[in-house]
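**Q**
Below you can see the structure in the form of structure tokens.
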């Protein structure tokens, strides 16, 4: 069996990709962020709900708005990163189903009428899109440093005062300094994580 | 800006990849499933928690155990798929932190002593791994059909009676029949899903 992707591509996306904490001065362009979204958006979501929302903090002013919400250990690396993305979830995603699921107008109403189903759908699928986001960032040549060490309520009050969008996790984006990486953590063996039935 | 991945790779992973409902007779080997996990496992998770678990249903007997839990619209395509994966979450993931986070033995205890943090960490990171799973499956040459239309409690009772592992979503795996695809659903424009600050 030969995978259709080259070894270099598999290394870049998975096998040699690392979470970075130290950033080289090379900037990240808006063009790169748009290229990133133009990949992420194609990832599959339940009934094409596409509930993830992305806020890219590029300026010192935007970073300062985030700073009070960060856990102490995440402040320096986040302030130093060229861009920090807030990966968020729109819990009223169903208001856009007219565009996203045009052949069945009732789909949006089904979610609107079932808050429990809407909530789990939003969180599960917004987080799946978060996974696509990390790999898409690597695919466009960026390094990632994803974090959940922050005060979600503070971020939501500052960036999403409307109440229907909530932060999920953060991801620093840039070009990491490979000389600052520590040894890689072990992973579970196949038989520890998987069953063949 | 030129992405480091080839156009063919970006098409395979994101731009031309589709969710499949009809499967060609070509089988899926255990070797392919192991290659898939050997990519998924490298995706980043919070504190290297790696909470996702994967059960690959390959035999008619295993598929029959799943069948009563499926939504009616998901039965035929799932019974016909070469493999159906249950993407699950181990909510006692912290019991494996001695292996996964060996330099800090207290990390497992931190999660064990904070059930709320453990639960959100498990669901968020297990679902991120679900996103890596879908793209890794494509990277090894498989097509996916992910589904959340099933009775999670029935799946958990049948496959995870211990109680600490719970199903998240299902994903059919195989080689899809491109002639059976319908038109692709629209996606949100950059300005509908993203903000530049």
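Protein chains in written order, with our numbering: chain A, 6 to 202; chain B, 6 to 202. For glycine and all other residues, C-beta sits at the position ideal for the given N, C-alpha and C.
1) If you draw a straight line from the C-alpha of residue 80 of chain A to the C-alpha of residue 12 of chain B, how long is it?
2) Counting only beta-carbon separations shorter than 8 Å, does residue 132 of chain B have a partner in chain A?
3) Using a Cβ distance threshold of 8 Å, determine whether the segment 145 to 152 of chain B contacts the segment 25 to 37 of chain B, with at least three qualifying pairs required.
4) Based on Cα-Cα distance, which residue from B:156, B:154, B:131 lies nearest to residue 97 of chain B?
5) Can you tell me whether residue 140 of chain A is buried or exposed, with buried defined as 16 or more other CB within 10 angstroms of its CB?
6) Which of the three DSSP states, helix, strand or coil, is assigned to residue 20 of chain B?
7) Can at least three beta-carbon pairs, one atom from the segment 37 to 48 of chain A and one from the segment 38 to 52 of chain B, be found at a separation below 8 Å?
8) Applying the 10 Å Cβ sphere with the 16-neighbour rule, what's the burial state of residue 173 of chain B?
9) Given that residue 49 of chain A touches chain B, what residues does it touch there, using C-beta distances under 9 Å?
10) If you check the beta carbons only, do residue 155 of chain A and residue 74 of chain A fall under 8 Å apart?
11) Is residue 10 of chain B close to chain A? Criterion is C-beta to C-beta, closer than 8 Å.
12) Determine which residues of the segment 28 to 44 of chain B have a Cβ less than 8 Å from any Cβ of chain A, and write them out in chain order.
13) I want to verify the contact list: residues of chain B whose CB lies under 8 Å from the CB of residue 46 of chain A, in sequence order.
14) State yes or no: is the beta carbon of residue 135 of chain A nearer than 8 Å to at least one beta carbon in chain B?
15) Residue 105 of chain B and residue 54 of chain B - do their beta-carbons sit closer together than 8 Å?
16) For residue 97 of chain A and chain B, any beta-carbon pair shorter than 8 Å?
17) According to DSSP, simplified to helix, strand and coil, what is residue 184 of chain B?
18) Give the list of continuous beta strand (DSSP E) stretches no shorter than 3 residues that lie fully inside the segment 32 to 75 of chain B.
19) Which first and last residues belong to the alpha helix (DSSP H) in which residue 130 of chain B is found?
20) Between residue 16 of chain B and residue 9 of chain B, what straight-line distance do the alpha-carbon atoms span, to the nearest angstrom?
21) Taking C-beta pairs closer than 9 Å, name the residues in chain A that residue 60 of chain B reaches, listed in chain order.
22) Looking at the strands, I want to know which residues DSSP matches up with residue 171 of chain A.
23) Does DSSP put residue 177 of chain B in a helix, in a strand, or in coil?
24) Should residue 17 of chain A be flagged as near chain B, meaning a C-beta pair shorter than 8 Å?
25) Looking at C-beta atoms only, is the number of pairs between the segment 121 to 129 of chain A and the segment 81 to 91 of chain A that lie closer than 8 Å three or more?
26) Assuming residue 202 of chain A and residue 62 of chain B are in contact, meaning their beta carbons sit under 8 Å apart, how far apart are those beta carbons, in whole angstroms?
27) Beta-carbon of residue 1 of chain A versus every beta-carbon of chain B: anything under 8 Å?
28) Expressed to the nearest angstrom, what Euclidean distance is found between the alpha-carbon atoms of residue 190 of chain B and residue 70 of chain B?
29) Name the DSSP beta bridge partners of residue 193 of chain A, please?
30) By alpha-carbon positions, which one of A:39, A:32, A:49 ends up nearest to residue 18 of chain B?
31) Helix, strand or coil for residue 27 of chain A per DSSP?
32) Under 8 Å between the Cβ atoms of residue 99 of chain B and residue 78 of chain B?
33) Applying the criterion that 16 or more other CB atoms from any shown protein chain within 10 Å of the CB defines a buried residue, is residue 64 of chain A buried or exposed?
34) So, is the C-beta of residue 53 of chain B closer than 8 Å to a C-beta in chain A?
35) Near residue 194 of chain B, which residues of its chain fall below 6 Å by C-beta distance, leaving aside the five closest residues on each side in sequence?
**A** So, to answer that:
1) Looking up residue 80 of chain A in the first chain gives position 75. Looking up residue 12 of chain B in the second chain gives position 7. If I take the Cα positions, the gap works out to 36 Å.
2) Counting from 1 along the second chain, the entry for residue 132 of chain B is found at position 127. Yes, residue 132 of chain B lies at the interface with chain A (some Cβ there is under 8 Å from its Cβ).
3) yes
4) Residue 97 of chain B sits at position 92 when you count from the first residue of the second chain. Looking at the Cα atoms, B:131 is the closest of the given residues.
5) As a first step, residue 140 of chain A must be located in the first chain, where it is residue number 135. Counting Cβ neighbours within 10 Å, residue 140 of chain A comes out buried, since at least 16 surround it.
6) Mapped onto the second chain, residue 20 of chain B falls at position 15. Reduced to three states, the DSSP call for residue 20 of chain B is helix.
7) no
8) Taking the first residue of the second chain as 1, we reach residue 173 of chain B at position 168. Its Cβ being crowded by 16 or more others within 10 Å, residue 173 of chain B is buried.
9) Taking the first residue of the first chain as position 1, residue 49 of chain A is located at position 44. What residue 49 of chain A touches in chain B: 22, 23, 24, 139, 149, 150, 151.
10) The residue given as residue 155 of chain A occupies position 150 in the first chain. The residue given as residue 74 of chain A occupies position 69 in the first chain. Result yes, Cβ atoms of residue 155 of chain A and residue 74 of chain A sit closer than 8 Å.
11) Within the second chain, the letter at position 5 stands for residue 10 of chain B. With 8 Å as the cut-off, residue 10 of chain B counts as an interface residue toward chain A.
12) 34, 35, 36, 37, 38, 39, 40, 42, 43, 44
13) Start at 1 with the first residue of the first chain, and residue 46 of chain A comes out as number 41. Under the 8 Å cutoff, chain B gives 192, 193, 198.
14) Against the first chain, residue 135 of chain A aligns to sequence position 130. With 8 Å as the cut-off, residue 135 of chain A counts as an interface residue toward chain B.
15) The residue given as residue 54 of chain B occupies position 49 in the second chain. The residue given as residue 105 of chain B occupies position 100 in the second chain. Against a cut-off of 8 Å, the Cβ pair of residue 105 of chain B and residue 54 of chain B comes out as a contact.
16) Within the first chain, numbered from 1, the residue matching residue 97 of chain A stands at position 92. Taking Cβ atoms only, chain B never reaches closer than 8 Å to residue 97 of chain A, which makes this a no.
17) Position 179 of the second chain, counted from the start, is the residue given in the question as residue 184 of chain B. Helix, per DSSP.
18) 57 to 62
19) Position 125 of the second chain, counted from the first residue, corresponds to residue 130 of chain B. Looking at the DSSP string, the run of the alpha helix (DSSP H) that includes residue 130 of chain B is 120 to 144.
20) Along the second chain, one-based indexing puts residue 16 of chain B at 11. Along the second chain, one-based indexing puts residue 9 of chain B at 4. Cα to Cα, the separation comes out at about 13 Å.
21) Within the second chain, the letter at position 55 stands for residue 60 of chain B. Simply 199, 200, 201, 202.
22) What you label residue 171 of chain A is simply residue 166 of the first chain in a count that begins at 1. According to DSSP, residue 171 of chain A bridges with A:94.
23) Along the second chain, read from residue 1 onward, the residue named residue 177 of chain B stands at position 172. Of the three classes helix, strand and coil, the one that applies to residue 177 of chain B here is strand, per DSSP.
24) Numbered from its first residue, the first chain carries residue 17 of chain A at position 12. For residue 17 of chain A, the answer is yes, since a Cβ of chain B falls inside 8 Å of its Cβ.
25) no
26) Residue 202 of chain A sits at position 197 when you count from the first residue of the first chain. Residue 62 of chain B sits at position 57 when you count from the first residue of the second chain. Confirmed, Cβ separation roughly 5 Å.
27) What is shown of chain A runs 6 to 202, which leaves residue 1 of chain A out entirely.
28) Here residue 190 of chain B refers to the residue found at position 185 when the second chain is read from its first residue. Here residue 70 of chain B refers to the residue found at position 65 when the second chain is read from its first residue. In a straight line, the C-alpha of residue 190 of chain B is about 32 Å away from that of residue 70 of chain B.
29) Residue mapping note: residue 193 of chain A aligns to position 188 of the first chain, counting from 1. None; residue 193 of chain A has no bridge partner.
30) Your numbering for residue 18 of chain B matches position 13 in the second chain. Out of A:39, A:32, A:49, A:49 has the C-alpha closest to the C-alpha of residue 18 of chain B.
31) Working through the first chain from its first residue, we reach residue 27 of chain A at position 22. Residue 27 of chain A falls in the coil class under three-state DSSP.
32) Locating residue 99 of chain B in the second chain gives position 94, where the first residue counts as 1. Locating residue 78 of chain B in the second chain gives position 73, where the first residue counts as 1. Not closer than 8 Å, so no.
33) Start at 1 with the first residue of the first chain, and residue 64 of chain A comes out as number 59. Flag for residue 64 of chain A reads exposed.
34) Counting from 1 along the second chain, the entry for residue 53 of chain B is found at position 48. Yes - at least one Cβ of chain A is within 8 Å of the one on residue 53 of chain B.
35) Locating residue 194 of chain B in the second chain gives position 189, where the first residue counts as 1. For residue 194 of chain B, where only same-chain residues beyond five positions count, there are no Cβ hits under 6 Å.
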